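J.:
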Amino acid sequence: MPTVAQYCAQHNGTSRKPSRPNGGERSAPVVLMVSGGADSTALVLMACTSKLDIADGRGVATIARERLHVLHVNHHLRGAASDADEAFVRDLCERYGLPLCVEHASFTELDGQNLEAAAREVRYAAARRLVNDLSREMGTARSAARILTAHTSSDRTETFFMNAIKGSGPAGLSSIPRRRNIIVRPLIDRTHEDLVHYLRVNDQAWREDESNQDTTYLRNFIRHNIVPLAEACNANLERAVCASCDILGDEDAFMSQLAATALRACTIRAQEGLLVLDGNKLAASEVAVARRMVRRAVGMLDADARLEMRHVEAVLALVGAGSGSTTLPCGIDARMEFGTLSLRTRAACEELAAGWIELDEPFAVANGCLLSARVRRIAAGDDPVALAREASTDEVDALGGAASVWVDAESLGYAERDLEGLCGSCRSAVPVAHRPRLWVDAPAAGDIMCPLGMSGRTKKLSDILGAARIPVAERPLVPVLRTTPQGAIVWVAGVRVDERFKCTPATRYVLQLEMRRVIA
1439 MPTVAQYCAQ HNGTSRKPSR PNGGERSAPV VLMVSGGADS TALVLMACTS KLDIADGRGV
1499 ATIARERLHV LHVNHHLRGA ASDADEAFVR DLCERYGLPL CVEHASFTEL DGQNLEAAAR
1559 EVRYAAARRL VNDLSREMGT ARSAARILTA HTSSDRTETF FMNAIKGSGP AGLSSIPRRR
1619 NIIVRPLIDR THEDLVHYLR VNDQAWREDE SNQDTTYLRN FIRHNIVPLA EACNANLERA
1679 VCASCDILGD EDAFMSQLAA TALRACTIRA QEGLLVLDGN KLAASEVAVA RRMVRRAVGM
1739 LDADARLEMR HVEAVLALVG AGSGSTTLPC GIDARMEFGT LSLRTRAACE ELAAGWIELD
1799 EPFAVANGCL LSARVRRIAA GDDPVALARE ASTDEVDALG GAASVWVDAE SLGYAERDLE
1859 GLCGSCRSAV PVAHRPRLWV DAPAAGDIMC PLGMSGRTKK LSDILGAARI PVAERPLVPV
1919 LRTTPQGAIV WVAGVRVDER FKCTPATRYV LQLEMRRVIA
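Position one of the sequence shown corresponds to residue 1439 (my numbering), numbered consecutively onward.
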């Protein structure tokens, strides 16, 4: 996001000199995406004969000819016309001495995408591959390369109306950005008519796509019907819309930055396929920021998950209610319970389960076992330490043997009154929020605990699992019970209990934890 000084320098062309590029930026490849239409043909001419600002720190400047490369993608959607487009681009590149890369695409399966979106993905994927290859060949950093597209203010205006009709948020209404990483659009302030005039003055032909007249496509409907009506009210429509897009884009970037910061502060646990957020912090966030936090969190788990507004609102409804679950696109499970919002990918759900284990409610984990927890009262005169030692086992077998440990329930922070109620006949009188529960998930990098018998000294969980001769490939399936998603380890199921929660002579209530294999 630009500062005020940077913004003024960019839009006024004065007040500040552009930063001096390094040698790599002067020689890095510049890929022109050329279809053969008027706009992309003008891009080729301007890149070869004029000056452009390609956001490489030099401002409006000439691009060294040896940096230029052209990419044309033949989608084969219009038969002979598509091949004629390719031939035109080949002739154009030969005329200006530009190296050309042609890629061919076919669209047999769209996976729910519309044709325009699928074709766009193919083009950008091809451009990224070409940039990667050229950067390696030229020995320059990929970040110094540029992909130039010929998008104009006309395209930007059409996209704005398209997204407004679809009900997009600020990101959609900001339309086509001037720049996204190495993709730069140096013609974004020019109209299509400007470029057509430029080509005519330079006596340069271009290709016309007859499908651009087909108003069954939304973009063409907007281009031929909505834009002319709007221009009747404002002759400077494209300039006005693009100014609004710039404002919306800047504000969207700022809000996204706020959401990213808030999401980091709200994240309790993050691992492959799993994100656990503090539900109370999320609920206390401004709704505009919270919506973005949800979108960003889901995007971190699966970049292909396209959330609609109803999905975001469903997640926030769970947060507001304090409980419940819903399934999001790409099979992501969103679950609100005990003050935490857990987001899991489908793959994570199929592997070691993560979540809260509650009293007397078996919890299935992916190693074919069930975890369970129950509260027991130590009778007067009994020795808690001896009972715990006698009850503890670590044998889990196919015949139903169970790994079991006793831990001091009060050491977990639960009140005597609630524990006594859970041991009596009035269990329902104890509020759910006051009942013991533990978070279950997989071992994570950096985990440490105080293994029983080591007098409070800490040890890396990875070392403990290694000492237990558990193969590295099987370690992600070992259930780890914690006080909270980010809290202390209580028990590595079937391996070791933590010293801090062991039974002592003063123990009055125990939480009995058990892991038993499911017998088929």
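Virtual Cβ for every residue (Gly too), placed ideally from N, Cα, C. This structure is a prediction, so every number in the text was calculated from the model and none was measured.
1) According to the neighbour-count rule (16 or more other Cβ atoms, all chains shown, within 10 Å of its Cβ), is Cys1683 buried or exposed?
2) Output yes or no for whether 8 Å exceeds the beta carbon distance between Leu1538 and His1510.
3) Ala1700 to Ala1871, Cα distance in whole Å?
4) Can you tell me the Cα-Cα spacing of Val1918 and Ala1905, whole angstroms?
5) Are the segment 1806-1821 and the segment 1935-1950 touching by the rule of at least three beta carbon pairs closer than 8 Å?
6) Hey, Thr1578 and Ala1466: beta-carbon distance below 8 Å or not?
7) What is the rounded straight-line gap between the Cα of Leu1696 and the Cα of Trp1877?
8) Between which two residues does the beta strand (DSSP E) harbouring Asn1512 extend?
9) What residue ranges within the segment 1691-1752 form continuous alpha helix (DSSP H) runs of no fewer than 4 residues, ordered along the chain?
10) Measuring straight from C-alpha to C-alpha, what distance separates Asp1641 and His1507?
11) Following the continuous alpha helix (DSSP H) through Cys1671, name the residue where it begins and the one where it ends.
12) Put Gln1651 into one of helix, strand or coil per three-state DSSP.
13) Given Glu1689, which residues of its chain have a CB within under 7 Å of its CB, disregarding the five upstream and five downstream residues?
14) In the DSSP assignment, find the unbroken alpha helix (DSSP H) run with Ala1519 in it and report its ends.
15) Decide if Ala1588 is buried, meaning its Cβ has at least 16 other Cβ atoms within 10 Å, or exposed.
16) Tell me the start and end of each unbroken alpha helix (DSSP H) in the segment 1881-1950 that is at least 4 residues and wholly inside, in chain order.
17) Measure the CB-CB distance between Leu1586 and Leu1481 and report whether it falls below 8 Å.
18) Determine the direct distance from the alpha carbon of Val1725 to that of Ser1761, and round the result to whole angstroms.
19) Using the rule of at least 16 other Cβ atoms within 10 Å of the residue's Cβ for burial, across every protein chain shown, is Val1956 buried or exposed?
20) Based on DSSP bridge pairs, tell me the residues matched to Asp1771.
21) Using a Cβ-Cβ cutoff of less than 6 Å, which residues in the same chain neighbour Thr1942 once the five nearest sequence positions on both sides are dropped?
22) Pull up the DSSP beta-bridge partners for Leu1515, would you.
23) Look at the alpha carbon of Gly1475 and the alpha carbon of Ala1555, and state the distance between them as a whole number of angstroms.
24) What residue range is occupied by the uninterrupted alpha helix (DSSP H) comprising Glu1554?
25) How close, in whole Å, do the beta carbons of Val1910 and Val1930 come, if the pair is a contact with beta carbons under 8 Å?
26) Alpha carbon to alpha carbon, how far is Gly1894 from Val1753?
27) Who are the Cβ neighbours of Thr1590 in its own chain at under 7 Å, not counting the five residues just before and after it?
28) Locate the beta strand (DSSP E) running through Gly1793, then write down its first and last residues.
29) Are the beta-carbon atoms of Gly1785 and Leu1766 separated by less than 8 Å?
30) In or out: Ala1565 buried (at least 16 other Cβ within 10 Å) or exposed?
31) Can you list, in chain order, the stretches of the alpha helix (DSSP H) that have 4 or more residues and sit fully within the segment 1804-1864?
32) Thinking Pro1923 and Arg1707 are a contact (beta carbons under 8 Å), I'd like their distance in whole angstroms, please.
33) Apart from the five residues on each side of it in sequence, which residues of its chain come closer than 6 Å, Cβ to Cβ, to Ser1584?
34) Measure from the alpha carbon of Arg1496 to the alpha carbon of each residue in Met1738, Phe1801, Ala1582, then state which is nearest.
35) Answer yes if the segment 1711-1722 comes into contact with the segment 1768-1782, meaning at least three C-beta pairs across the two stretches below 8 Å, and no otherwise.
36) So which of Arg1729, Ile1614, Glu1648, Asp1740 has the shortest CA-CA distance to Ala1681?
T.: This is what the structure gives:
1) buried
2) Contact check for Leu1538 against His1510 passes: the beta carbons are separated by less than 8 Å.
3) 26 Å
4) 16 Å
5) Three or more Cβ pairs drawn from the segment 1806-1821 and the segment 1935-1950 lie within less than 8 Å of each other, which places the two stretches in contact.
6) yes
7) 29 Å
8) Per DSSP, the continuous beta strand (DSSP E) segment holding Asn1512 begins and ends at 1506-1512.
9) DSSP runs (the alpha helix (DSSP H)) wholly in the segment 1691-1752: 1717-1722, 1725-1739.
10) 23 Å
11) 1665-1671
12) Here Gln1651 sits in helix by DSSP.
13) Taken in chain order, the residues that qualify are Pro1608.
14) Its alpha helix (DSSP H) spans residues 1518-1534.
15) buried
16) 1899-1905
17) yes
18) 18 Å
19) exposed
20) BP columns for Asp1771 point to Thr1765, Arg1782.
21) none
22) Note: Leu1515 sits in no beta bridge, so no partner.
23) Their Cα atoms are separated by approximately 18 Å.
24) 1553-1576
25) Rounded, the Cβ-Cβ distance is 15 Å, inconsistent with contact.
26) 41 Å
27) Asp1477, Leu1625, Ile1626, Arg1628, Thr1629, His1630, Leu1633
28) 1793-1796
29) The sequence shown places Ala at residue 1785, not Gly. Contact: no.
30) buried
31) Within the segment 1804-1864, the alpha helix (DSSP H) runs of at least 4 residues that lie entirely inside it are, in chain order, 1822-1829, 1854-1861.
32) Contact flag correct, Cβ pair sits at about 4 Å.
33) At residue 1584 the sequence reads Arg, which differs from the Ser that was named. Closer than 6 Å at the Cβ level, and outside the excluded window around Arg1584, lie Val1468, Ile1492, Ile1620, Val1622.
34) Ala1582
35) Output reads yes: the segment 1711-1722 touches the segment 1768-1782.
36) Ile1614
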